[in-house]
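These protein sequence lines are chains A and B, in that order. Taking this note's numbering, the leading residue of the first sequence gets 618, the next gets one more, and so forth. Taking this note's numbering, the leading residue of the second sequence gets 618, the next gets one more, and so forth. A virtual CB, placed ideally from N, CA and C, is assigned to each residue, including glycine.
Protein chains: 2
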Amino acid sequence: MLATAYAADVETAHADTGYFGTRDAPSRPQPLDLLTKGLLDGPLRTFEAKEHIFREGDTVSHVYQVEIGHVCIYRMMSDGRRQVIDFAYPGDMIALGAIAEHTANGVATTRTRVRCLSIASLQHVMKTDARLGVKLYEAMSRELLATREMLFTVTQRTAMERVASFLLALSRRNERNGENADEFVLPMTRSDIADFLGLTIETVSRTFTKLRGDGLIDLAQSVLVTIVDSERLVELSEGRTN
Amino acid sequence: MLATAYAADVETAHADTGYFGTRDAPSRPQPLDLLTKGLLDGPLRTFEAKEHIFREGDTVSHVYQVEIGHVCIYRMMSDGRRQVIDFAYPGDMIALGAIAEHTANGVATTRTRVRCLSIASLQHVMKTDARLGVKLYEAMSRELLATREMLFTVTQRTAMERVASFLLALSRRNERNGENADEFVLPMTRSDIADFLGLTIETVSRTFTKLRGDGLIDLAQSVLVTIVDSERLVELSEGRTN
DNA sequence: CGTCCCGTTGAGGCGGTTCAAAGTGCGTGG
DNA sequence: CCACGCACTTTGAACCGCCTCAACGGGACG
Chain A
618 MLATAYAADV ETAHADTGYF GTRDAPSRPQ PLDLLTKGLL DGPLRTFEAK
668 EHIFREGDTV SHVYQVEIGH VCIYRMMSDG RRQVIDFAYP GDMIALGAIA
718 EHTANGVATT RTRVRCLSIA SLQHVMKTDA RLGVKLYEAM SRELLATREM
768 LFTVTQRTAM ERVASFLLAL SRRNERNGEN ADEFVLPMTR SDIADFLGLT
818 IETVSRTFTK LRGDGLIDLA QSVLVTIVDS ERLVELSEGR TN
Chain B
618 MLATAYAADV ETAHADTGYF GTRDAPSRPQ PLDLLTKGLL DGPLRTFEAK
668 EHIFREGDTV SHVYQVEIGH VCIYRMMSDG RRQVIDFAYP GDMIALGAIA
718 EHTANGVATT RTRVRCLSIA SLQHVMKTDA RLGVKLYEAM SRELLATREM
768 LFTVTQRTAM ERVASFLLAL SRRNERNGEN ADEFVLPMTR SDIADFLGLT
818 IETVSRTFTK LRGDGLIDLA QSVLVTIVDS ERLVELSEGR TN
């Protein structure tokens, strides 16, 4: 999911199918970089950790591509609870899918630099070049698939399965971005993870502790994850192995 | 959600925001009927209950618009569990969002007539008329929003809240289709509902029984729902009222 | 040094699942 | 036309995974 609608990589379209894909990714990189030719040359902006890039209800002025840093996409529900939708990593597009108003909030979890893409120019290109609309349609479709996968995960899988899958997804994501797949820093808090996985912070914490106790991961610091036994981690993530 | 990506009403775009919207619908009917002019004139096909209209993995030859009947959209997960994604009612488009292969199954739950729309002609129009791509992009975006709403529902709400919301959504849907909002037949089984709401059939059944016992609904037959006290039902669906 | 935020750990309770069995409606065949 | 089988639904009892509430620990920052 990492690369998704609200945080989608339109170009390479490497929709990971989501954190918890037990199936093949819906589709793989496509050529035809409609966005890069002339569109992805907007200005850069930098946000400190905890700064919002956009908020729900804001008029959509831009969509963004993360260059450096990490963004948490979330929505506040009527009862005050928070639903974390996604975490955007470098390369991901965010705020896509919002038509008039932003339908979610985007907050930097670490110091983040984004490239701004004005919605006006996007819409202009959409009107003249039919390929862009199609491309965005496909990106949204992939995202939808990933979100449905998540829907299943969250309803049917145990806390252990969810957390294991989550860590593996981060690992893969880091690998794809040319970073260390076996040791990485979590750019989000336990609370972010909990609200993403549909768990409480206590359960997330306990699950991490259990994984460390069982020797599957190491946690030198609470945010520094080392994957020790990825094989068993995969087994756990696929469930029915508890 | 009823009207959604895999079962989306592209034209009127009355994405109900989903069964469990605690917020406003993301957007309301839009004009500009790109599909109706020349595209929605495909052949009709009829399916008996339990007949599949398309299956996951099938090459996409058509998308469909339900004219009469009801379709259950679902996916089978690797562990054998089923995730019901949506129920399509008359007026809904189904199989939209599938690019090359179908990513879900569509099965008629009652005798169903659909209008077929060849994917080739859709793609042809998309290439020549930029508006269609945009339209589909927007439809997918709305669907995505609805699915995220569902994600929240399923992780954070109780069985009672989910079932109450579900019934209310069906009620509204019937009303919109010019049918009785307070008494209607469920076109799906308890199992379908359970797999949609992320519950077991036992829990769904018990919740129905409780609702009847509390005088909020009546169940002359297991599939015949009469909404007796919609006000209290709304309260229940919004939770924190148990 | 105190405060705040975040993470960890413990104890107890509960909602929903699991397993089991009985009830209901309907189509089919004798 | 009734008897049977089958699919679906309902109900009961016991269990359990996660949540809730509560307390404590540790690092960052003023």
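| Query | Result |
| --- | --- |
| Beta-bridge pairing of N722 of chain A - partner residues as DSSP gives them | A:Y691 |
| V840 of chain B in three-state terms, based on DSSP | coil |
| Span separating the alpha-carbon of V842 of chain A from that of Y691 of chain B | 36 Å |
| Terminal residues of the alpha helix (DSSP H) in which V771 of chain B lies | 747-773 |
| Distance between L816 of chain B and F825 of chain B (C-alpha atoms, nearest Å) | 13 Å |
| Inter-stretch contact (C-beta, 8 Å, three-pair minimum) for the segment 773-785 of chain B and the segment 764-779 of chain A | no |
| Same chain only: Cβ atoms within 6 Å of I810 of chain B, ignoring 5 sequence neighbours per side | V821 |
| Contact with chain A by G750 of chain B, beta-carbon distance below 8 Å | yes |
| Where F769 of chain A meets chain B, residues with beta-carbon distance less than 8 Å | R692, M694, R698, Q700 |
| Rounded separation between P648 of chain A and H741 of chain B - CA only | Unreliable positioning characterises P648 of chain A in this predicted model, as indicated by a pLDDT of 33, which lies under 50. A coordinate reading is not provided. |
| Three-state secondary structure (DSSP) of M710 of chain B | strand |
| Closest residue to S808 of chain B among B:E855, B:T726, B:I844 (Cα-Cα distance) | B:T726 |
| Short Cβ contact (8 Å threshold) for G723 of chain B with V688 of chain B | yes |
| C-beta contact flag for V683 of chain A and V731 of chain A at 8 Å | yes |
| Contact the segment 696-710 of chain B vs the segment 668-678 of chain B: 3+ CB pairs below 8 Å | no |
| Contact set for V851 of chain B: own chain, Cβ-Cβ below 7 Å, skip 5 residues either direction | L785 |
| Cα-Cα separation, E848 of chain B to D831 of chain B | 13 Å |
| T634 of chain B classed as buried or exposed, judged by whether at least 16 other C-beta atoms fall within 10 angstroms | Confidence at T634 of chain B is low in this model, with a pLDDT of 43, below 50, so its placement is unreliable and no value can be given for it. |
| C-beta atoms of Q700 of chain B and F801 of chain A nearer than 8 Å | no |
| Terminal residues of the alpha helix (DSSP H) in which S808 of chain B lies | 807-814 |
| Under 8 Å between C-beta atoms of G856 of chain B and D812 of chain A | no |
| For T764 of chain A and C733 of chain B, the rounded distance between their alpha carbons | 27 Å |
| Where G686 of chain B falls, given that 16 or more other Cβ within 10 Å makes a residue buried | buried |
| Contact check, E665 of chain B vs R728 of chain B, beta carbons under 8 Å | yes |
| Helix, strand or coil at R662 of chain A according to DSSP, with G and I counted as helix | strand |
| Reduced DSSP secondary structure (H/G/I, E/B, other) of S678 of chain B | coil |
| Chain B contact for T676 of chain A (CB, 8 Å cutoff) | no |
| Residue span of the beta strand (DSSP E) that contains A705 of chain A, given as start and end | 699-705 |
| Beta carbon proximity, T745 of chain A to chain B, threshold 8 Å | yes |
| DSSP three-state assignment for R730 of chain B, whether helix, strand or coil | strand |
| Environment of E766 of chain B [buried if 16+ CB atoms lie within 10 Å] | buried |
| Straight-line gap, E760 of chain B to M694 of chain B (C-alpha atoms, nearest Å) | 21 Å |
| 9 Å Cβ cut-off: residues of chain A touching L739 of chain B | What L739 of chain B touches in chain A: nothing, since even the nearest Cβ is about 11 Å away. |
| E755 of chain A versus H679 of chain A: straight-line alpha-carbon distance, rounded | 20 Å |
| The beta strand (DSSP E) enclosing E558 of chain B, as first and last residue numbers | Given that chain B is displayed from residue 618 to residue 859, the structure contains no residue 558 of chain B and the question cannot be resolved. |
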